[in-house]
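J.:
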Amino acid sequence: MMNRIPFALLILLFACSEPVKETEATQVENKSSERVDSAALEEPEESKTIIMPYIEPDTKSAALISKYLADNESKLSSPDTSQHLAYMTDYRERDGINYLTVQIGIDDEFRFATMQWLFIDTAKHQVYELDVVDDVLVPWP
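Using this note's numbering, read the sequence shown as starting at 60 and increasing by one per residue.
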């Protein structure tokens, strides 16, 4: 009689289990056989990285940037001594005037943390600091 109990339990388990539905099995097969088109993996056009050429400031503007950095070294210094100050330049129009914009900040491998924006009027060679909160240009001595 003891030999028949495991056999009876095994038969009972098979009898109580539900069969897999046809639709579930076909869904699993369809998902595993799907192929992703390589075009679908590309970045959308609006999110592609655009590499901008480096804009070399003229000698007078470069001298103004160097003077600003030297005069504001304590204001722009980072508590982490392993991080180095860097800047990026670009040309922008604001209020009908063309400016050389200078984005000063800390550059590490993965991001650029902006600390200060400068706008240099290249015609008058005047430096302005951007007050980000009020969105106004403040003349720098």
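We treat Cβ as the ideally placed atom computed from N, Cα and C, and that holds for glycine. From a predicted model like this one, the values you see are computed outputs, not experimental measurements.
Which whole-angstrom value describes the C-beta separation of Ile163 and Leu144, a residue pair presumed to lie in contact below a C-beta threshold of 8 Å?
T.: Sure, about 7 Å apart at Cβ, within 8 Å.
J.: Provide the residue(s) that pair with Glu152 in DSSP beta bridges, ordered along the chain.
T.: Paired residues: Asn157.
J.: So what's Thr201 in DSSP terms, helix, strand or just coil?
T.: The structure shown does not extend to residue 201, since the chain is modelled only from 60 through 200, so no value can be given for it.
J.: Check this for me: beta carbons of Val181 and Ser120, under 8 Å apart or not?
T.: Position check: residue 181 holds Thr in this sequence, whereas Val was assumed. In this structure, Ser120 lies closer than 8 Å to Thr181 by Cβ.
J.: Using only the alpha-carbon positions, how far apart do Met174 and Leu135 sit?
T.: Going by the C-alpha atoms only, they are around 7 Å apart.
J.: Hey, out of Asn131, Met147, Ile156, whose CA is closest to His184's CA?
T.: Out of Asn131, Met147, Ile156, Ile156 has the C-alpha closest to the C-alpha of His184.
J.: Check this for me: beta carbons of Gln142 and Ile124, under 8 Å apart or not?
T.: No, the Cβ-Cβ distance between Gln142 and Ile124 is not below 8 Å.
J.: Is it buried or exposed, Ile64, if we count other Cβ atoms within 10 angstroms and call 16 or more buried?
T.: So Ile64 ends up on the exposed side.
J.: Once DSSP output is grouped into helix, strand and coil, what is the label at Glu132?
T.: If DSSP states are grouped into helix, strand and coil, Glu132 belongs with the helices.
J.: Relative to the C-alpha of Leu128, which residue among Pro198, Asp154, Tyr146 is closest?
T.: When only C-alpha atoms are compared, the closest one is Tyr146.
J.: Buried or exposed for Phe178, please, with buried defined as at least 16 other CB atoms from any protein chain shown within 10 angstroms of its CB.
T.: By the neighbour-count rule (16 or more Cβ atoms within 10 Å), Phe178 is buried.
J.: What residue range does the beta strand (DSSP E) around Val197 cover?
T.: Unbroken beta strand (DSSP E) run through Val197: 195-198.
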